[in-house]
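Residue numbers (full-length UniProt numbering), protein chains in the order written: chain E, 1 to 576; chain W, 1 to 576.
Right, one structure below, let's go through it.
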């Protein structure tokens, strides 16, 4: 269980502050997480690594020369919000762009993605690495769709070393993906952990058994087996990974034997003794093996084995020096001396973002856009109950409330931005950020990104024509699709947004004016949203949604269609 | 609990082998533990730190440049045996003597002490540091009698840095004691751990309470309190130590917030956040604070706070660079580069000790001494049951068996040594080592040391006169007193041995020959042993021994007297 806390809701935040207080030579706390407390070279790409808290040393413990530049820290086992990721990345970025790294989980994909959208809207080059090393979570063919576990250590270590060695963003991204593609992990768990403040463990593994492939947040494994000896567990893990040894292996492997929290060091060493034999028998040479706690899950009882099949380039970066609070390796002589980097004194804090100077034209457009945001809010308020009821059928019933909170936050942030003289681009970026923060959850992240992405099509310098308006809308839909990772037919907002975008583009390119094209596209969205009821009806016969969802349209698709109908109506009136 | 093992009895040994396999650039496994795998500078004192297993990173994880030279690794929560300590120290020693460091526990005092005796007998200078930082275990006035807990980290770090900076053995010993005297720790525990292979935890802390001052092996604490918040626990630990802030403090403190195993990193950081406030309020500046797992107790749930009140010298060594498997700090540029130290290829293995060349005279004396060892064995065998019965009254009844096993092992080792041409000194050293190993336990360690210490009075070059014989016997008694830490009246072997030694010395100095003096001294020992029954009778009225021990003499004092009577008789016969 978690023994020490003051309040469950403040736990992660207090932990970050305490961590920063204990490591001032390495990190400074900023909104949303930590960044290096020392200046980094101008134009060096910033490696921003993160995820939920509860996994220390991952990820904040790895911020320092040779590894991370910053770490957004979410709540326990929860992705950091887009605004946390954005804040940390903004603070870490120093002209060389941002390489974001996180374990491949839906929440992280969404929130890091949204932050990346916002940064890109501001002209920052951002690349994303999703670590996907857990062989228990998907097939070999779908390696990049697997979950990320202790392979976080090797992938981020290698990417950080490449950057320290001078890689630019393209090169750092390439090497990081290469490291991920060469990394395989396999784990077992013996008992669950308890979240701070919770009375009961997140899950239990039946006594005297082990959950093979069980995830670090308690995600289902592939089977339960009778508890084995240390030797049997070592063999199980090793043989699981051995099935994926690449044909072109060099015979040299990075090895990480990772304890999840309650399996202690001596136990891990007993297991490693056996692994050393198996590696030798298999003709594999362990390079700088690591045995300890690297990606924990609070006090979960379990462990995982990670192998990285090295070539010369990966080995060079794996063994390169690194100097962070929780991970220090190699000959630090090769790193720049600490005193060569001045201590940073200035950090970005959200809310204090400067509002770029805008032309009168763009400010005028911003005022019009703010009217639209207010319109969206009124539509959300009007339909709050209905959207809640739709969501309650298969979800947690908070979609209506989330849309109201999000759009209300966007209106307020937009007003503030207008008062500070914001142009069109800045207005939408601020409104989008506020929507995501105020709403929380999935729909908040998606709508926040949609507004931010729409802002990218605009500027703070000039007004915008109809083509820019269409581009803004298409950008918004594209962001939703990219972020949510949802495809048509997945019964989400995309089921309405994708045909909407196609119709809008086709009509506008066919010569229609914006209000007409939009009206037609909104109609398509409304019909598509209604059709999700049919999709649900079909799926209702499976176990996915249960019978009660029969004939109920998707709330996300419905709210999208409602808002686009209102927007079309508004533009029609305005163009008269 | 402990999840991963192959066999409980092999657990610690397998863990050491796995640890060495994972860290070949730092350590090599030798009999009894690990030593640095690289050559150390000639005449550099060797810091040999150890204790039971189950506390990793303590102690093996701290072997490397800037810290330990070797670590004997006992079984879980058990002192390494004298032969393990000896083997590791022999392998670590390189002409500069040995500084032994361990937490102040009876078993460690005994076994490290016995190993030190043996090394001294071989001409190696050995000093001993007992870490005693746990303020819950004794009063402030008796700081050096307290138990050692996480202060092991700071004391050994500082001593290792002093040695790295060029301190000789005198200087290293001085600084280590100074560090220990400046170090204070205070801990709480929330739940016990389970030894490998055991079904039940070593102890439980009642639910929703915390055991304040509870020891790292489950030793009783000072009180149980209702479970507190992180902030309350931080305050409790800080205020406990604050009572012992020295008057001459500089205001600068090393800080170690140590998790015992199941209290995880984020929890520790939440606690540290509060400590940082309290330190600041108290005008104390934390220097290189450490928050993590340093001295664990398997998966025990608990934590401790350690403060070291620094002066310039201690601070310099606390922050000096260190490069070990589990502890790497500071600017490693200041350490000699790894490639400046060749990898070691030759190690000492017990059983392969060379037998020094001896003169015919000394070999002849050795043969006579071996007859005496055989005599001791026959006396032990004759009285095995009686000694067992005496021991069963207040102990575990194995004293007779231990004496038989020990003396039998000594006879065999003595025979082997004679066959290899051993002189008198070597014969007794080998016999003493074998006695300790064969008997195990306290009496084995004491008798083993007694024989080894007796050997110190002799040589492999010359025969010995009566004065040398007396010196050998006095040496043996002195070793028993020093090692056992027992004083007259403590109801142990010392109650017979101390008056024996006084009488022997007085008679011999008064002009008696050795057999006469010894006969008189043996008589004194026998009466003193009998008188322990009276002591017991008095103590029996207290709760210490219980009524059933009324009138029973101490088994250790009794066996000592029996053996000395037999020895006196033997020498009398031989002198006729």
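Just so you know, even glycine gets a beta-carbon here, dropped at the ideal spot from N, CA and C.
Since the model is a prediction, treat every value here as computed from it, not as a measurement.
Whole-number beta carbon distance between residue j and residue i, since they are thought to touch under 8 Å
i	j	result
residue 409 of chain W	residue 438 of chain W	3 Å
residue 519 of chain W	residue 568 of chain W	4 Å
residue 8 of chain W	residue 17 of chain W	Residue 8 of chain W to residue 17 of chain W, Cβ: 16 Å. No contact.
residue 80 of chain E	residue 73 of chain E	6 Å
residue 173 of chain W	residue 127 of chain W	4 Å
residue 2 of chain W	residue 196 of chain W	4 Å
residue 464 of chain W	residue 458 of chain W	5 Å
Buried or exposed by the 16-neighbour rule on C-beta atoms within 10 Å, applied to residue i
i	result
residue 199 of chain W	exposed
residue 343 of chain W	exposed
residue 627 of chain E	Absent from the model: residue 627 of chain E. The displayed extent of chain E is 1 to 576, so no value can be given.
residue 44 of chain E	buried
residue 191 of chain E	buried
residue 145 of chain E	exposed
residue 391 of chain W	buried
residue 549 of chain W	Residue confidence is low: residue 549 of chain W scores 47 on pLDDT, short of 50, so the model does not pin down where it sits. No coordinate-derived value is stated.
residue 302 of chain W	buried
residue 285 of chain E	exposed
residue 573 of chain E	exposed
residue 296 of chain E	buried
residue 345 of chain W	exposed
residue 166 of chain E	exposed
residue 555 of chain W	buried
residue 354 of chain E	exposed
Residue-chain proximity (residue i, chain W), Cβ-Cβ < 9 Å
i	result
residue 30 of chain E	no
residue 5 of chain E	yes
residue 61 of chain E	yes
residue 231 of chain E	yes
residue 112 of chain E	no
residue 235 of chain E	no
residue 328 of chain E	yes
Per-residue contacts from residue i into chain W (C-beta, under 9 Å)
i	result
residue 118 of chain E	Chain W residues near residue 118 of chain E: none, gap ~28 Å exceeds 9 Å.
residue 103 of chain E	None at all; the shortest Cβ gap to chain W is about 17 Å.
Beta bridge counterpart(s) of residue i as assigned by DSSP
i	result
residue 290 of chain W	W/256
residue 224 of chain E	E/211
residue 194 of chain E	Per DSSP, none; premise fails for residue 194 of chain E.
residue 28 of chain W	W/35
residue 343 of chain W	W/38
residue 411 of chain W	Its beta-bridge partners do not exist; DSSP assigns none.
residue 306 of chain E	E/185, E/256
residue 285 of chain W	W/252
residue 299 of chain W	W/297
Closer than 9 Å to chain A by CB, residue i
i	result
residue 81 of chain W	As a matter of chain content, chain A is missing from the structure shown, whose protein chains are E and W.
Interface flag, residue i vs chain E, CB-CB below 9 Å
i	result
residue 222 of chain W	no
residue 544 of chain W	Since pLDDT at residue 544 of chain W reaches only 33, below the 50 mark, its modelled position is unreliable, and the value read off the structure follows with that caveat. No, no contact with chain E.
residue 252 of chain W	no
residue 157 of chain W	no
residue 216 of chain W	no
residue 11 of chain W	yes
residue 290 of chain W	yes
Where residue i meets chain W, residues with beta-carbon distance less than 8 Å
i	result
residue 276 of chain E	18, 21, 22
residue 359 of chain E	Within 8 Å Cβ-Cβ: nothing; residue 359 of chain E doesn't reach chain W, min ~47 Å.
residue 296 of chain E	264, 265
Partners in chain E for residue i, counting only beta-carbon separations shorter than 7 Å
i	result
residue 527 of chain W	None at all; the shortest Cβ gap to chain E is about 49 Å.
residue 53 of chain W	266
Under 9 Å by beta carbon: chain E residues contacting residue i
i	result
residue 301 of chain W	1, 3, 299
residue 263 of chain W	2, 3, 4, 299
Chain W residues whose Cβ lies nearer than 7 Å to that of residue i
i	result
residue 509 of chain E	The premise fails here: residue 509 of chain E is roughly 53 Å from chain W at the closest Cβ pair, so nothing lies under 7 Å.
Chain-ordered neighbours of residue i on chain E, where CB pairs are closer than 8 Å
i	result
residue 39 of chain W	Chain E residues near residue 39 of chain W: none, gap ~18 Å exceeds 8 Å.
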